[in-house]
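So for the sequence shown, UniProt numbering puts the first residue at 1; every next one is plus one.
Positions of the beta carbon are idealized from the N, C-alpha and C atoms, including for glycine.
Structure record follows, encoded as structure tokens.
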Amino acid sequence: MTNLVILVGRIARDPETRTTQGGTNITSISVVTDRPARKDGKTYKDENGYTAKDSEFHRVTCFNGLGQNVAKYCTKGQLVTVEGRIHYTQWEDQDGTKRYGCEIIADKVDFLTKGRASNNEGAPDIDED
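Spelled out as structure tokens, the structure:
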């Protein structure tokens, strides 16, 4: 059995980093992907003559060293590849209503375009080890 996700998309907002009480660094990004939009089962053109697109936003969580590098080198609009796994969560809010969430836990982030650092030409593909 395998739980593997590969996303290629743009970072929708600048990374947000926090540290847990235990000292774990967590960086969150939102990656937007597009696919052709469909009406009646067929793709169609928008008002500019381009194939219409539907966008999906994916919450991506990066831990420790991977998270630090994503926070350091990534910025809104940057094209990235994310490899990881889907993680589902369930909790009760203050009103006792069950809530559900879905996120991608990243194992690897590849930078396909330059991000924040002006000379990050040497910015590596980053694996979480």
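Cross-strand partners of residue i (DSSP beta bridge)
i, result
"Ala106", "Gly84"
"Arg38", "Thr43"
"Gly101", "Thr89"
"Cys62", "Thr27"
"Thr17", "Thr27"
Residue i, DSSP secondary structure in three states
i, result
"Asn25", "strand"
"Tyr50", "coil"
"Gly67", "helix"
Own chain partners of residue i with C-beta closer than 6 Å, once the 5 adjacent residues on each side are dropped
i, result
"Glu83", "Ile6, Asp107, Lys108"
"Cys62", "Thr27, Val70, Ala106"
"Asp54", "Arg35, Ala37"
Cβ distance (whole Å) where residue i is taken to contact residue j below 8 Å
i, j, result
"Val60", "Ile104", "5 Å"
Proximity of residue i and residue j at Cβ, strictly below 9 Å
i, j, result
"Tyr88", "Cys74", "no"
"Thr17", "Gly77", "no"
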